[in-house]
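Just below is one structure, and these are the notes that go with it.
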Amino acid sequence: MWKFLLPALPLNILHQYLPSLSSRRRNRMNRTSPFYTSESLSDSGYSLPPSASTTPVPTVSDPATGASIQVRVVNSRTKPQCWDHGCNGREFSTFSNLLRHQREKAGLAAKSECPYCGAVFTRTTARNGHLSQGKCKVKRQMDEKERSLTASR
Numbered sequence: 396m397w398k399f400l401l402p403a404l405p406l407n408i409l410h411q412y413l414p415s416l417s418s419r420r421r422n423r424m425n426r427t428s429p430f431y432t433s434e435s436l437s438d439s440g441y442s443l444p445p446s447a448s449t450t451p452v453p454t455v456s457d458p459a460t461g462a463s464i465q466v467r468v469v470n471s472r473t474k475p476q477c478w479d480h481g482c483n484g485r486e487f488s489t490f491s492n493l494l495r496h497q498r499e500k501a502g503l504a505a506k507s508e509c510p511y512c513g514a515v516f517t518r519t520t521a522r523n524g525h526l527s528q529g530k531c532k533v534k535r536q537m538d539e540k541e542r543s544l545t546a547s548r
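For our numbering, count along the sequence shown from 1 and bump the result up by 395.
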C-alpha cells in the first residue's frame, strides 16, 4: 500500500496518470516520497494541527497492477500562528515573518529612531517611510518654515 500525498485530483484523472508510471518508478515513489504522511509525522512526535485538514480519499486501485492505493489529500497548508502577548492565533504567511514578529514583540529587534521627532521604529523601512512620506510633524513643520523663508527672499 502506498502512503504519499498527491494534489487534489478527481479520481478519473488520477486513474489516467497511475497506469503511466512504471512499476519501478511507483516503487521508488513509495520509498522516497517527498511528502510526509500523517503516520510518519505522528511517528516523529509531531502531530498535524487541527487547522491542517486531511481528507481521506477512498482506496484507488491501479488498473495496471490491481494494487490498491490509499491516498490522502492535504486541503490547505497551515500558516504559522502567534499565541503570545495577546495575538490570539494571529496568522503569518511565512515562518520568518512569525520569527520577526516575535523578535519585535520581545524587544530583541534593533530599534531605529526618527532624528526629528524621536519616534522609535522596529524597522528602518518604517522610519524611512515616516520621513519620506511626510508623516513626521516636526520635519514637516521645519520644511514648511524653510519654504516660507526661501519664498520671502
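We put the CB at the ideal spot given by N, CA and C, even for glycine.
All values reported here derive from a predicted model rather than from experimental measurement.
Q | alpha helix (DSSP H) segment containing ASP538, residue limits | A | 532 to 547
Q: Use the C-beta contact count for ARG498: other C-beta atoms within 10 angstroms, 16 or more gives buried, fewer gives exposed.
A: Burial check for ARG498: the Cβ neighbour count within 10 Å stays below 16, so the residue is exposed.
Q) Can you give the Cα-Cα distance for GLU486 and SER547, rounded to whole angstroms? A) 54 Å
Q) Among GLN476, SER507, GLY461, SER527, which one has its Cα closest to the Cα of SER491? A) GLN476
Q: With THR587 as the anchor, note down where its alpha helix (DSSP H) starts and where it stops.
A: Examination of residue 587 is not possible in this model, given that the chain is present from 396 through 548 alone.
Q. Do LEU544 and LYS534 have their CB atoms nearer than 8 Å?
A. no
Q. For LEU493, which residues of its own chain have a beta-carbon under 7 Å away from its beta-carbon, when the five flanking residues on both sides are left out?
A. PRO475, CYS477, PHE487
Q | Length of the line joining the Cα atoms of ILE408 and GLY461 | A | At ILE408 the pLDDT is 46, less than 50, meaning the model places this residue with poor confidence; the figure from the coordinates comes in the next sentence. Rounded to whole angstroms, ILE408 to GLY461 spans 17 Å at the Cα level.
Q | ARG490 (DSSP reduced to helix, strand or coil) | A | Just to set this straight, residue 490 is Phe in the shown sequence, not Arg. The answer is helix: DSSP assigns PHE490 an H, G or I state.
Q. Any Cβ of chain B within less than 8 Å of the Cβ of ARG522?
A. This model lacks chain B altogether, as it is built from one protein chain only.
Q: Run the CB neighbour count on GLU541, radius 10 Å, all protein chains shown included, and call it buried at 16 or more, exposed below.
A: exposed
Q. Whose C-alpha, out of TYR511, HIS480, ASP479, is nearest the C-alpha of MET537?
A. TYR511
Q: Please go through the same chain and pick out, in chain order, the residues whose beta-carbon is closer than 7 Å to the beta-carbon of HIS480, but skip the five residues on each side of it.
A: LYS500
Q | Classification of ARG366 by the beta-carbon crowding that lies within 10 angstroms, buried from 16 upward | A | The requested residue 366 is not part of the displayed model; the chain covers only 396 to 548.
Q: Would you tell me roughly how many angstroms separate the C-alpha atoms of HIS496 and VAL515, rounded to the nearest one?
A: 16 Å
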